[in-house]
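Colleague: The structure under discussion is supplied below as structure tokens; questions concerning it will follow.
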Amino acid sequence: MLRFPSGRAKPSLAKALERLPLFTGSAIRVLFRDRLCARRGRLVRRPPGIEVHAAAMLRRRRIYLERSLLRNPLELRRILIHELFHFVWLRLGNALRRRWELLLRDEVLAGARGELGHSAECRKDALERSALRTRSNPWRRYVCESFCDSAAWWFLRPARHQEFTLPRRWRARRARWLARLMERPALPL
Ligand SMILES: [Zn+2]
């Protein structure tokens, strides 16, 4: 499933991946970098750009992680799961993706604030009023990031985190949805 460098990172990564479901699909390489910088959605070697902790290259089947995450096991697990679920989202199929979208739609229509990670929250906060109706690209990106953040939250529970800001009743709904997904014999990666 995942190929990662041997050496010091190996036990930390093995721990970060504990108790995850079975995944199917060809291997994904995990690589560490001292600094990661993204510009217009692509990783670049040096600034200008935005510093990021991680990035998933879906076509090249690679996950890049900032090396400092190795010093923080909880954050390594949270961010690695988030990146892994980008691959799951890609192969999840339209029916399930649409069901997740409808779950979020109910939340937004009910005025639910907060999210389960910064990636989703900043996209949610930037949505225009018409996003839901038009299913605009920002809306679709939010739906995807929310799925990945929620999956990471689901596996981290009951740990607390400052980025888990979604109110309890909405978390419970997402937890039920995700529990059904994780019951599957395997997830596509
Ligand atoms: Zn993401």
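The sequence shown runs 1282 to 1470 under the working numbering.
Backbone N, C-alpha and C define an ideal beta-carbon position, used for all residues, glycine too.
Since this is a predicted model, take the numbers as computed values, not measurements.
1. Just mark K1291 as buried or exposed, buried being the case when its beta carbon has 16 or more other beta carbons within 10 Å.
2. Apart from the five residues just before and just after R1473, which ones in its own chain have a Cβ nearer than 6 Å to its Cβ?
3. With the cut-off set at 8 Å, would you say F1368 and A1432 are in Cβ contact?
4. Just to check, is the beta-carbon of S1400 closer than 7 Å to a non-hydrogen atom of ligand 1?
5. What is the DSSP secondary structure of R1320, counted as helix, strand or coil?
6. I'd like the span of the beta strand (DSSP E) that includes L1459, first residue to last.
7. W1451: which of G1306, R1465, R1386 and W1370 sits nearest, CA to CA?
8. What separation, rounded to the nearest whole angstrom, lies between the Cα atoms of M1282 and K1296?
9. Which residues bound the beta strand (DSSP E) around E1347?
10. Would you kindly report the start and end of the unbroken alpha helix (DSSP H) that includes R1380?
11. Taking L1384 as the reference, which of H1399, A1456 and R1321 has the closest Cα?
12. For the beta strand (DSSP E) containing L1312, name the first residue and the last one.
Modeller: Put simply:
1. Start at 1 with the first residue of the sequence shown, and residue 1291 comes out as number 10. The residue in question, K1291, is exposed, as its Cβ has fewer than 16 Cβ neighbours within 10 Å.
2. The question about residue 1473 has no answer here: the residues shown for the chain are numbered 1282 through 1470.
3. In the sequence shown, residue 1368 corresponds to position 87, counting from 1. In the sequence shown, residue 1432 corresponds to position 151, counting from 1. Taking 8 Å as the Cβ cut-off, F1368 and A1432 do not qualify as a contacting pair.
4. Start at 1 with the first residue of the sequence shown, and residue 1400 comes out as number 119. For S1400, the CB falls within less than 7 Å of some heavy atom of ligand 1.
5. What you label residue 1320 is simply residue 39 of the sequence shown in a count that begins at 1. Here DSSP, grouped into helix, strand and coil, assigns R1320 to strand.
6. Against the sequence shown, residue 1459 aligns to sequence position 178. Judged by DSSP secondary structure, L1459 falls outside any beta strand (DSSP E) and instead within the alpha helix (DSSP H) spanning R1449 to M1463.
7. The count along the sequence shown starts at 1 and reaches residue 1451 at position 170. For W1451, the closest of G1306, R1465, R1386 and W1370 by C-alpha to C-alpha distance is R1386.
8. Taking the first residue of the sequence shown as position 1, residue 1282 is located at position 1. Taking the first residue of the sequence shown as position 1, residue 1296 is located at position 15. If you take the alpha carbons of M1282 and K1296, they lie about 15 Å apart.
9. The residue labelled residue 1347 in the question sits at position 66 within the sequence shown. DSSP places E1347 in the uninterrupted beta strand (DSSP E) bounded by R1343 to E1347.
10. Here the question's residue 1380 lines up with position 99 in the sequence shown. Taken as a continuous stretch (DSSP letters only), the alpha helix (DSSP H) holding R1380 covers N1375 to L1390.
11. Residue mapping note: residue 1384 aligns to position 103 of the sequence shown, counting from 1. Residue A1456 holds the alpha-carbon nearest to the alpha-carbon of L1384 among H1399, A1456 and R1321.
12. For the purposes of this step, residue 1312 is taken as the residue at position 31 of the sequence shown. For L1312, the enclosing beta strand (DSSP E) has its first and last residue at I1309 to R1314.
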